[in-house]
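Below is one structure, written out as structure tokens; the observations come after it.
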Amino acid sequence: MKNSSYIMFTMMLMFSYMMMISSNNWLSMWMSMEINLISFMPIMYNNKNIYASESMMIYFIVQTMSSILFLFSLIYSNMILYKNNYIFHIFMMISMMIKLGMPPFHLWSILMMKKMKWITLYFLLTIQKIMPIIILSMIMKNFMMIFIMLSTMISSISGINQTNLLKIILYSSINHSSWMMMSLFYENNMWMMYMLIYMLILFMFVNIMKKNNIMFINQMNMNMNLENKIMIMILFLSLSGLPPFIGFLPKWMIIQTMINLKSYLFMLIMLMSSLIIMYFYLQIIMNMLMINYNLMKWNNKKKKSLSLFNMNMILNLMMPIILLMNFM
Numbered sequence: 079m080k081n082s083s084y085i086m087f088t089m090m091l092m093f094s095y096m097m098m099i100s101s102n103n104w105l106s107m108w109m110s111m112e113i114n115l116i117s118f119m120p121i122m123y124n125n126k127n128i129y130a131s132e133s134m135m136i137y138f139i140v141q142t143m144s145s146i147l148f149l150f151s152l153i154y155s156n157m158i159l160y161k162n163n164y165i166f167h168i169f170m171m172i173s174m175m176i177k178l179g180m181p182p183f184h185l186w187s188i189l190m191m192k193k194m195k196w197i198t199l200y201f202l203l204t205i206q207k208i209m210p211i212i213i214l215s216m217i218m219k220n221f222m223m224i225f226i227m228l229s230t231m232i233s234s235i236s237g238i239n240q241t242n243l244l245k246i247i248l249y250s251s252i253n254h255s256s257w258m259m260m261s262l263f264y265e266n267n268m269w270m271m272y273m274l275i276y277m278l279i280l281f282m283f284v285n286i287m288k289k290n291n292i293m294f295i296n297q298m299n300m301n302m303n304l305e306n307k308i309m310i311m312i313l314f315l316s317l318s319g320l321p322p323f324i325g326f327l328p329k330w331m332i333i334q335t336m337i338n339l340k341s342y343l344f345m346l347i348m349l350m351s352s353l354i355i356m357y358f359y360l361q362i363i364m365n366m367l368m369i370n371y372n373l374m375k376w377n378n379k380k381k382k383s384l385s386l387f388n389m390n391m392i393l394n395l396m397m398p399i400i401l402l403m404n405f406m
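Dropping the structure here:
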């Protein structure tokens, strides 16, 4: 794609988000989602990847089906004679779950993982989730807990023993999305802060993976230098939500809300799923440490030190949560 075309579609993408935020009715929201789809598909295209067209087709079909269901729910809501219609909210919620790629509607996103580049994955797992989450925040949430529990359990179990980093990040993203939806369920705007922190961490991770051309776990031991490996370990720990890293901050605030509302069972399930996610991240870290044990030795002959940039990123990941705990 030419730079001029890329800029044009990027501006259309930004316009769709502004339109969504400023919308005051369902129809304009639907239009903003369609503009978003039209502008995002060319950004996905990669003429160097023979599978790019297949990924675009999968994405187009799934998003179109979701939009049709969204429109159907709007038409149905205008046909009924009473308010608080549960069927309208169920259809609306299902259409947004399809767009988000949440279980049990997540299989399309797995099919796309094999045919996707890192930067496209980043957009798909972050920015493209904002619109559906905004719509979910505006509808009844009686049935949302079913999808949250299903998503958090399936994502944690499916990520075990995966060797493809794209799939691991996908399942991790589904788990993070379930935490954001939990925030929505309790009428909490914490999901915005959660999304910003997640976007920051994932951007740094994707940037390292893209520069080193890494797709699988075993490539991490061959293609990366020591500084990048240490940075990846820090990012993995932050993505898993391990304190004192910044990835723990939004989870901790959502947990506090659940404790205040005495939702102990749901909190336990969410924490157990996060522990499983943390397990396969730690498994990758241990694999990197064991294979590169000799390279990790800091001796007098060859001193290896972290760059100032990497040290700043580590401090940025750790300091916010440390400061928060000091004031609590």
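With the sequence shown counted from 1, adding 78 to any position gets you this note's numbering. Note that CB positions come from ideal geometry on N, CA and C, so glycine has one too. If you're wondering where the values come from, they're calculated on a predicted model, not measured in any experiment.
- When Met216, Phe138, Met336 are compared, the shortest CA-CA separation from Asn103 is found for Met216.
- Beta-bridge partners of Asn242 (DSSP): Phe294.
- Out of Ile168, Leu185, Asn338, Phe150, the CA that lies nearest to the CA of Lys219 is found in Ile168.
- In its chain, beyond the 5 residues on either side, Trp196, Tyr200 have a beta carbon closer than 6 Å to the beta carbon of Val284.
- Its chain contains Ser110, Ile113, Asn114, Ser117 as the residues whose beta carbon lies nearer than 7 Å to that of Ser94, once the 5 sequence neighbours on both sides are disregarded; these appear in chain order.
- By the neighbour-count criterion, in which 16 or more other beta carbons inside 10 Å mark a residue as buried, Leu214 falls on the buried side.
- Met302 and Phe183 have their C-alpha atoms roughly 35 Å apart.
- Taking all protein chains shown into account, Tyr137 has 16 or more neighbouring C-beta atoms within 10 Å of its C-beta and is therefore buried.
- For Met175, the secondary structure class from DSSP, reduced to helix, strand or coil, is helix.
- Ser318 is a Cβ neighbour of Ile355, given a cutoff of 7 Å.
- Residue burial is scored here from C-beta neighbours: Met92 has fewer than 16 other C-beta atoms within 10 angstroms and is therefore classed as exposed.
- Residue state for Ile324 is assigned as coil, using DSSP reduced to three classes.
- Look at His167 here: in three-state DSSP terms it is helix.
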